[in-house]
Amino acid sequence: MQTLLLMIAGLAFLMIVLEDVIHINKAKTTLFLGTLAWLLLFLFPPHGTDSHFIQEKLDENILEIASLWLFLMAAMTFVAFLNHQGLIETLIYKVLPKRLSERRLMFLVAGFAFFFSSLSDNITATLISIALVLSLKMEAKKTVRFAVLVVFAVNSGGVALITGDVTTLMIFMQQKVMIDDLLWLSLPALASVMLLATLLARPLQGEVVISPSPRRDDKVGMMIAFIFLLTIISTIILNVIASVPPLLTFLFGLSIMFLIGRLCYKDDERESLLDYIRVIEFDTLLFFLGILLLVGMMKEIGVLDSLVRVYEVLPTTGANFVMGLLSSLVDNVPLTAALLKSDISMDAASWLTLTYAVGVGGSLLVIGSAAGIVAMSKVEAITFISFMRYSAVILVAYSVGFAGSYVVGHLLH
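If you're matching positions, the sequence shown starts at 1 in UniProt numbering and goes up one per residue.
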């Protein structure tokens, strides 16, 4: 039975990698195989256990998954509203000058993608950043260069806040890192992004003209944008001073958003704010559900112990670096979940370096992160090979960022 369950997990990870070849959404395959694995555990429990034991373990997994799932749902609903109203795009064009050099634009795009991905999910941050790049109508090679930077900047920005990256949230939920420590992690992450922007901007000589599309002001939308920002700040402060779970703070902020929408839009013909729950990326949420069910199953049958052996062969810092490289080949969500479930013993500084590694390492290949997949789907010139041409400079930036995270971690602890 253990062999069969391992084959199911292997098939699930293979179908994730081959999603663009088989044209079956990875949410469908992982949810099917994840639930199938647990059904088999109930029908054929391991030796020395029974269905009651399996039920207890499933309940533990469901509780962890529900906390992550609801937090993401709340954050993605906020961003779905702001994006639909065009508030994010309007803000971008108000900040950018009408005419600027390509080199300067490279740094501005890097900064925007980095900071915006800290506040929103990586998919939304990539979509908005890529839309900005495409609107400038540059030649294909330059567009690819900017898109590579966007992918790295989005992944780097997400590691410093629990609202920005799922793997950071997962590690935080297991109480391996503290929110105030994560904020310090933004320093090496930003430095590595600016290093990559410098390397990619060297051959650029041209100039671009910004032509924003007209949009009407929405005072209620701006109010909700302020509530979103206040919710993020409150999440950090309340967790530090009173250990309030981020999920609770975000759900409270979401409820305020719904109430304001009801009061301010009651004489308006536009849709209810509750409708924005229906437009968030539920396939992403279902993918996480399926993956975490699979990883939970692998823990219960003792498979995840093999991951610990990497840490027995290599020093902790070296093993963390390798895990970052591995995340460019294996989806970082199941990789992170597997590491957490295997109960690896590390100090707080090492968990910080791992947070950076699994959050940013996926940038090395276009298939290594959600940001890369989104960029490839939106920019025709991006292929696996065209993106890989920049893997060397990305590796340099990743290595510098990883070294910086090591220094920050050991200064704090």
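Every residue, glycine too, gets a C-beta built ideally from N, C-alpha and C.
According to DSSP, is residue i part of a helix, a strand, or is it coil?
i           : result
residue 204 : coil
residue 18  : coil
residue 101 : strand
residue 220 : helix
residue 209 : strand
residue 413 : coil
residue 188 : helix
residue 177 : coil
residue 160 : coil
residue 245 : coil
residue 300 : helix
residue 165 : coil
residue 86  : coil
residue 1   : coil
residue 227 : helix
residue 96  : coil
residue 280 : coil
To which residues of the same chain is residue i closer than 8 Å at the C-beta, ignoring the five residues directly before and after it?
i           : result
residue 340 : 170, 171, 174, 176
residue 134 : 143, 378, 379
residue 46  : 1, 2, 300, 301
residue 400 : 188, 191, 192, 195
residue 199 : 393, 396, 397
Would you please state the rounded distance, in angstroms, between the beta carbons of residue i and residue j? I believe it to be under 8 Å.
i           : j           : result
residue 107 : residue 157 : So it is not a contact: roughly 14 Å between Cβ atoms.
residue 366 : residue 324 : Actually they are not in contact, since the Cβ atoms of residue 366 and residue 324 sit about 16 Å apart, beyond 8 Å.
residue 293 : residue 35  : 6 Å
residue 189 : residue 356 : 7 Å
residue 233 : residue 77  : Their Cβ separation, rounded to whole angstroms, is 18 Å, which puts residue 233 and residue 77 out of contact at 8 Å.
residue 81  : residue 276 : 5 Å
Anyone know if the C-beta pair for residue i and residue j falls short of 8 Å?
i           : j           : result
residue 273 : residue 261 : yes
residue 363 : residue 151 : yes
residue 155 : residue 337 : no
residue 193 : residue 110 : yes
residue 153 : residue 191 : no
residue 218 : residue 55  : no
residue 67  : residue 230 : no
residue 303 : residue 4   : no
residue 210 : residue 97  : yes
residue 348 : residue 130 : no
residue 69  : residue 238 : no
residue 9   : residue 29  : no
residue 38  : residue 58  : yes
residue 387 : residue 148 : yes
residue 74  : residue 228 : no
residue 412 : residue 181 : yes
residue 201 : residue 278 : no
Excluding sequence positions up to five away, which residues of its chain have a Cβ less than 6 Å from the Cβ of residue i?
i           : result
residue 120 : 79
residue 87  : 221, 225
residue 26  : 16, 19, 287
residue 161 : 118
residue 207 : 101
residue 423 : There is simply no residue 423 to check, as the chain begins at 1 and stops at 413 in what is shown.
Spatial neighbours of residue i within its chain, please: C-beta separation below 7 Å, excluding the five flanking residues on both sides.
i           : result
residue 353 : 317, 320, 402, 405, 406, 409
residue 159 : 165, 168, 185, 189, 355, 356, 359, 360
residue 295 : 334, 337, 338, 341
residue 124 : 79, 83
residue 258 : 273, 274
residue 236 : 179
residue 140 : 381
residue 283 : 25, 27
Taking 7 Å as the cut-off, is the C-beta of residue i nearer than that to any heavy atom in the ligand NAD?
i           : result
residue 162 : This structure simply doesn't include the ligand NAD, nor any ligand for that matter.
To test your reading of the DSSP string, which unbroken alpha helix (DSSP H) runs of 4 or more residues are found completely within the stretch 303-385? Runs of alpha helix (DSSP H) with 4 or more residues, each lying fully within the stretch 303-385, are found at 305-313, 316-326, 332-341, 348-360, 370-378, listed in chain order.
Continuous alpha helix (DSSP H) assignments of at least 4 residues falling wholly in the stretch 101-147: Runs of the alpha helix (DSSP H) lying entirely within the stretch 101-147, each at least 4 residues long, are 102-119, 122-135 in chain order.
Can you check the stretch 385-411 for any beta strand (DSSP E) of at least 3 residues that lies completely inside it and give the ranges in chain order? Runs found: none.
At what residue ranges does the stretch 13-75 contain a whole run of the alpha helix (DSSP H), taking only runs of 4 or more? Taking only runs of at least 4 residues, the alpha helix (DSSP H) segments lying wholly in the stretch 13-75 are 19-22, 26-43.
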